[in-house]
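Position in the sequence shown counted from 1, then plus 4, gives you the numbering used here.
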Amino acid sequence: MLCVSWNVRGMNDPFKIKEIKNFLYSHKIVVCALLETRVREQNASKVQGKLGKDWKWLNNYSHSARERIWIGWRPAWVNVTLTHTQEQLMVCDIQDQSHKLKMVAVYGLHTIADRKSLWSGLLQCVQQQDPMIIIGDFNAVCHSNDRLYGTLVTDAETEDFQQFLLQSNLIESRSTWSYYSWSNSSIGRDRVLSRIDKAYVNLVWLGMYAEVSVQYLPPGISDHSPLLFNLMTGRPQGGKPFKFMNVMAEQGEFLETVEKAWNSVNGRFKLQAIWLNLKAVKRELKQMKTQKIGLAHEKVKNLRHQLQDLQSQDDFDHNDIMQTDAKSIMNDLRHWSHIEDSILQQKSRITWLQQGDTNSKLFFTAVKARHAINRIDMLNTEDGRVIQDADEVQEEILEFYKKLLGTRASTLMGVDLNTVRGGKCLSAQAKESLIREVASTEIDEALAGIGNDKAPGLDGFNAYFFKKSWGSIKQEIYAGIQEFFNNSRMHRPINCIVVTLLPKVQHATRVKEFRPIACCTVIYKIISKMLTNRMKGIIGEVVNEAQSGFIPGRHIADNILLASELIRGYTRKHMSPRCIMKVDIRKAYDSVEWSFLETLLYEFGFPSRFVGWIMECVSTVSYSVLVNGIPTQPFQARKGLRQGDPMSPFLFALCMEYLSRCLEELKGSPDFNFHPKCERLNITHLMFADDLLMFCRADKSSLDHMNVAFQKFSHASGLAASHEKSNIYFCGVDDETARELADYVHMQLGELPFRYLGVPLTSKKLTYAQCKPLVEMITNRAQTWMAKLLSYAGRLQLIKSILSSMQNYWAHIFPLSKKVIQAVEKVCRKFLWTGKTEETKKAPVAWATIQRPKSRGGWNVINMKYWNRAAMLKLLWAIEFKRDKLWVRWIHSYYIKRQDILTVNISNQTTWILRKIVKARDHLSNIGDWDEICIGDKFSMKKAYKKISENGERVRWRRLICNNYATPKSKFILWMMLHERLPTVDRISRWGVQCDLNYRLCRNDGETIQHLFFSCSYSAGVWSKICYIMRFPNSGVSHQEIISSVCGQARKKKGKLIVMLYTEFVYAIWKQRNKRTFTGENKDENEVLRKILFAVAAQCNDEERSLLML
5 MLCVSWNVRG MNDPFKIKEI KNFLYSHKIV VCALLETRVR EQNASKVQGK
55 LGKDWKWLNN YSHSARERIW IGWRPAWVNV TLTHTQEQLM VCDIQDQSHK
105 LKMVAVYGLH TIADRKSLWS GLLQCVQQQD PMIIIGDFNA VCHSNDRLYG
155 TLVTDAETED FQQFLLQSNL IESRSTWSYY SWSNSSIGRD RVLSRIDKAY
205 VNLVWLGMYA EVSVQYLPPG ISDHSPLLFN LMTGRPQGGK PFKFMNVMAE
255 QGEFLETVEK AWNSVNGRFK LQAIWLNLKA VKRELKQMKT QKIGLAHEKV
305 KNLRHQLQDL QSQDDFDHND IMQTDAKSIM NDLRHWSHIE DSILQQKSRI
355 TWLQQGDTNS KLFFTAVKAR HAINRIDMLN TEDGRVIQDA DEVQEEILEF
405 YKKLLGTRAS TLMGVDLNTV RGGKCLSAQA KESLIREVAS TEIDEALAGI
455 GNDKAPGLDG FNAYFFKKSW GSIKQEIYAG IQEFFNNSRM HRPINCIVVT
505 LLPKVQHATR VKEFRPIACC TVIYKIISKM LTNRMKGIIG EVVNEAQSGF
555 IPGRHIADNI LLASELIRGY TRKHMSPRCI MKVDIRKAYD SVEWSFLETL
605 LYEFGFPSRF VGWIMECVST VSYSVLVNGI PTQPFQARKG LRQGDPMSPF
655 LFALCMEYLS RCLEELKGSP DFNFHPKCER LNITHLMFAD DLLMFCRADK
705 SSLDHMNVAF QKFSHASGLA ASHEKSNIYF CGVDDETARE LADYVHMQLG
755 ELPFRYLGVP LTSKKLTYAQ CKPLVEMITN RAQTWMAKLL SYAGRLQLIK
805 SILSSMQNYW AHIFPLSKKV IQAVEKVCRK FLWTGKTEET KKAPVAWATI
855 QRPKSRGGWN VINMKYWNRA AMLKLLWAIE FKRDKLWVRW IHSYYIKRQD
905 ILTVNISNQT TWILRKIVKA RDHLSNIGDW DEICIGDKFS MKKAYKKISE
955 NGERVRWRRL ICNNYATPKS KFILWMMLHE RLPTVDRISR WGVQCDLNYR
1005 LCRNDGETIQ HLFFSCSYSA GVWSKICYIM RFPNSGVSHQ EIISSVCGQA
1055 RKKKGKLIVM LYTEFVYAIW KQRNKRTFTG ENKDENEVLR KILFAVAAQC
1105 NDEERSLLML
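Following this line, the structure appears as structure tokens:
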């Protein structure tokens, strides 16, 4: 079923009518929404007739005299029923033989005020029962990047749109082809592009049509792109490769199956035997997977129905046979529920969410969403064609990578040996460490260093399989790896890499817009990890200090801090001429020539034996590209380093070292002039992997020397600059000179601020507007579909793991303003309590309390203000003690000048970052001295943060939260109860809210924490039965006494179970209270008790489970 929405900008012109008709028939459209037709009502039937006799039409003339929306369909193919109409939208049900959905066609009016009714009208239409798509011209932008050129996007423009999306739980549909949907049709610099035509879908749509994408087609006779979607998108044909599911290792017969298949096949040499044995194990595990964990979702569903039917019998509580059967079903349900969650979590790649909560819906939707994002339905080829056939798409991708990786340069300029030998080489001790004998413990450490959640390679086995079966297979693997290090021979299938393509941009349409990620086999990763671990300790001996990427002891912040210093003053007048070049290296990892790498390894002093190991790993690689889950035929590589190989970052750093040595030679040239702030330390460049900044005086001679040095490196290595993505920034020269110099080096003339390593570089203090991408990044993550499926505990985990990592990267580098910190914490606070980022009137618990440690009544969420202060202290400590760092030496050379950083007077002419770092001396004086926040000779962020933070006193109930193994959502409700912040009737009434005081679990007394959980006959009955099961004295009268009693048991033998039971009891009573209040559902005490015991049993081992008398 092909459907389209198109703002045609008028249909009174016969030429336009002809072109629209041609579009509808050539694309085989069966449902269309034509917007802004501008056809008067009396002429509508005449114009519609010209589009074809096999169309039927609906319109909103009754609500809009401006002829806004027409909906047309071809009744021979589909049925359409209009269900709702307003001035700016039409809602209809669409159904054919295979599909049934709701479509909302939108045409938004032109002003913010006029669109108010659009948002309220859409909210009335949104529902989550049927798949729904809302599509059309909203006449509004939603994000700051939705407009290119023209006026900047303001908060006022996006506020209502974003508010609507938060309230509606809609997600923007996956889209392809163009990103922008409208242009003002101007030519040259006056042209403005924006994305005002969009499509949004609900979660039901995402579950059913995750593979469907909206195509932004060329605008043709309009200034708007047609938005086309096809519900008949074909699914990829062919078998998908085997992938080991971690839950298989928990099956009783797992080790027996592995041992039986292992050693069943012999090979000519040991690595080949390992590969053949893995194939034999795979065959057995495929059968086991089908028999033991297949169809887990269906089995869970059936067992739930069986348990519910059995427990619903009238005589269930008096029938021993039924109760025994129920226990058996419950054990089976627990078993299969765990299998289902484990499989879905592994497929979804969600690693930050704790196990325990029922997350099946979240994981299932995540799997669908991930497949939809990574799916490639169409591509634009290099010759301008659009291909959509699955075989053609696969062939286009395969040919691209064959050309990129499967060919090498026919001629290369040789490496200048004098240049290479002008730098440092490895010491004799380093050489010895690289070729030391291989021990089994080294292999064990390499395997332990591979994460269980890492994607498997061609064989389908991840590290978890090897770790779980290590006792049965390790001797053969020891022997195979030892054999590799003895004869430098790799079995090629082990080095066959599965390449997964991830989109680099939001709407990738070309092969080059996808990032290739290499998924290596675990056997190869072990070998690569061993080589990497050996290189880690010695690579700093030969790599220039300008390179901070992946070199032990060097950090990404070092480059950012020094670059911030060097860019100071770039917006001032009357400065001496200077420039910064930001160079983008085209396909950096993929373009490294192997002969170049091998020459450098020898010249840097790497032993020939070690070079042999490296080159055998690099040169025996072959690739199979995974396209929509189906692998292509492998092809042999001829150049490049793999992104995903542990060795690659270090090998690439060694390749870039040749550029450092080429640039290092410039200091001996009388015609080369340093950047005015670089000459004292002879700084010409900074690198983090392939992110390159180069510095010099802004004159033709210096730029020419830098260009010659870079070309010397480029012609030898195969690495070339992408001129269209590279920029040059000038200071101290007039505009005409700047343009001439930019043209001379074939670079774009850039403007400040610009992004470097993910953060903005500016010559002045960071403004809130420049930090807004951080706030937007966190806000956007909180607005994803995933966030809408999370409980309080899930949202808390998302804040702590993902959102905090985003904010801490900035907080480690820049002194963040109060406004930025408040904005980030505001987003996190609102997201936690509402699941959205819109304004909430009152948070149940203060954010400052949540930021405290668990033992002090909080959840240990990082306080950005204090963390930022601790980070500034760390930078101050680095200036004091880490004189080996390049940026620290630069600070001492230009500012401190042999004085003490703790006492030196810093001029106001220094950068704002350095002034903030120096201001951290006040925090140090409050703490005492460095010994208070250091461990040995290392700075401790944890100790500094703890010293700066204001954490409050310990709470008496801390043992109920710390080391509690109950489900996370239950712990969160318990925590709120302990703070007495649950919205009970007595609390709500104190807020002035009118509520029914008589509707509660029992008809006695008012609803307070004390009564709800302890005095109420219903909850007291449940708690009494729990106490009886655990032989726990039920002597408490008040909830304070019961809490103290449970806390007193926390460290005893049964303490873990008692704490978990109490936690699940509080959650179950609160859940039952809400169900009875809002839905009228009423469950008896025994059913609630069974759910509590089941929830606890699911988190226990067999010995603990037996204590529950299940």
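Glycine included, C-beta positions come from ideal geometry on N, C-alpha and C.
- The Cβ atoms of G464 and F248 lie closer than 7 Å to each other.
- For I1062, the enclosing alpha helix (DSSP H) covers residues G1059 to F1082.
- R646 counts as buried, since at least 16 other C-beta atoms from the protein chains shown sit within 10 angstroms of its C-beta.
- Per DSSP, reduced to three states, the secondary structure at C146 is coil, with no helix or strand assignment.
- Pairing D134 with S177, the inter-Cα distance amounts to about 16 Å.
- Taken in chain order, the unbroken stretches of alpha helix (DSSP H) that lie wholly in the region 892-952 and span 4 residues or more are 916-923, 925-931 and 945-952.
- By the neighbour-count definition (other C-beta atoms within 10 Å, threshold 16), F273 is an exposed residue.
- Secondary-structure assignment with DSSP links G76 through a beta bridge to C36 and W61.
- Looking at the DSSP output, K25 sits in no beta bridge, so it has no partner there.
- Of the candidates W961, E400 and C966, W961 places its Cα closest to the Cα of H983.
- In the same chain as P556, and ignoring 5 residues on each side of it, the C-beta atoms closer than 6 Å to its own belong to K540, in chain order.
- At least 7 Å separates the beta-carbon of I952 from that of S944.
- H1015: not part of any alpha helix (DSSP H); DSSP gives it neither H nor E.
- The three-state reading of DSSP puts R873 in helix, counting H, G and I together.
- Here DSSP, grouped into helix, strand and coil, assigns W863 to coil.
- The C-alpha of V779 is placed about 18 Å away from the C-alpha of T838.
- When Cβ pairs closer than 8 Å are counted between the two stretches, the region 677-690 is seen to touch the region 698-707, the count reaching three or more.
- Between the region 527-536 and the region 415-430 there are fewer than three C-beta pairs closer than 8 Å, too few to call the two in contact.
- H559: not part of any alpha helix (DSSP H); DSSP gives it neither H nor E.
- When T525, A284 and L745 are compared, the shortest CA-CA separation from C735 is found for L745.
- In the displayed model, I589 falls within a strand according to three-state DSSP.
- The Cβ atoms of Q90 and G125 sit closer than 7 Å to each other.
- Within its own chain, the residues whose Cβ lies closer than 7 Å to the Cβ of R572, once the five positions on either side in sequence are excluded, are S767 and T915, listed in chain order.
- In terms of CA proximity to F639, V503 leads the group D324, V503 and K508.
- Boundaries for Y627: no alpha helix (DSSP H) harbours it, while the beta strand (DSSP E) harbouring it runs S626 to V631, taken from the DSSP string.
- Collapsing the DSSP output to three states places F165 in a helix.
- Judged by DSSP secondary structure, R287 falls within the alpha helix (DSSP H) whose first and last residues are K274 to M292.
- Put simply, the backbone Cα of I447 is about 60 Å away from that of W123.
- Taking the C-beta atoms as reference points, A815 is found no nearer than 7 Å to L877.
- The beta carbons of W891 and L566 sit about 4 Å from each other, so the pair counts as a contact at 8 Å.
- With respect to A109, I73 sits close: the two C-beta atoms are nearer than 7 Å.
- Where L986 is concerned, there is no enclosing beta strand (DSSP E), because DSSP gives it neither an H nor an E.
- Looking at the DSSP output, A413 bridges to nothing.
- Between A970 and T1081 a beta carbon distance of about 24 Å is seen, past the 8 Å cut, so the two are scored as non-contacting.
- Put simply, the backbone Cα of K202 is about 46 Å away from that of T688.
- Put simply, the backbone Cα of T988 is about 48 Å away from that of K508.
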